[in-house]
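As structure tokens, the structure follows; a few thoughts come after it.
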Amino acid sequence: MRAGELCVRDVVTALEHESVTDAARRMSQLHVGDLIVVVERGGALPRPIGIVTDRDLVVRVLARPDHPAATISDVMSRELVTATEDDDVEAVVARMREHSIRRIPVVDRDGGLQGIISVDDVLGWMRDQVHATTRLMERQ
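The sequence shown begins at 120 in my numbering and counts up one residue at a time.
In structure tokens, the structure reads:
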């Protein structure tokens, strides 16, 4: 399976200049654990440049009240690891494991944001594969 087939296409994004309060509020309202930070590119798809997670907000904002983090730019992770739509899911999982991350944005050949894959997405796909294999074995 390819990353483009498994990824969730409805990605919640943010811009660097947004406030951490607005980011946290949006994450809560939409029940997501991350926002992909993007740069708008006119008519092209936005290009991901970072990620901010609920953990980033806790560790870099709430746990450090003496350090005023006002914008997403202050707390986002800039070393963004991405996958392409054509990457095998196994390669994506290996990249997640290598970088100790739970989510990975999926981009097209031009670097435009296409979707996101989380560990939960991979586990759901694996569950479905095991279930399908079990049904096949039961029929035989």
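Just so you know, even glycine gets a beta-carbon here, dropped at the ideal spot from N, CA and C.
Handout entry: Proximity test, R221 beta-carbon vs the ligand FAD heavy atom, cut-off 6 Å
Key = Questions concerning the ligand FAD fall outside what the structure shown contains, since it holds no ligand whatsoever.
Handout entry: Identified DSSP bridge partners for V130
Key = BP columns for V130 are empty, so no partner.
Exercise for the section: Could you tell me which of W244, E159 and T252 sits nearest to D207, measuring between CA atoms? Expected result: W244
Practice task
Determine the extent of the alpha helix (DSSP H) in which A210 is found, giving its start and end residues.
Solution key: V208 to H218
Exercise for the section: Assign V249 to one of three DSSP states: helix, strand, or coil. Expected result: helix
Problem - Contact the stretch 160–172 vs the stretch 187–201: 3+ CB pairs below 8 Å - result: yes
Exercise for the section: Kindly give me the distance between the Cβ atoms of L176 and A133, rounded to whole angstroms, as I take these residues to be in contact under 8 Å. Expected result: Between A133 and L176 the Cβ distance is about 12 Å, and since that is not below 8 Å, they are no contact.
Practice task
Determine the direct distance from the alpha carbon of G231 to that of V241, and round the result to whole angstroms.
Solution key: 22 Å
Exercise for the section: Would you identify the three-state DSSP class for E257, choosing helix, strand or coil? Expected result: helix
Handout entry: Terminal residues of the beta strand (DSSP E) in which D153 lies
Key = D153 to R160
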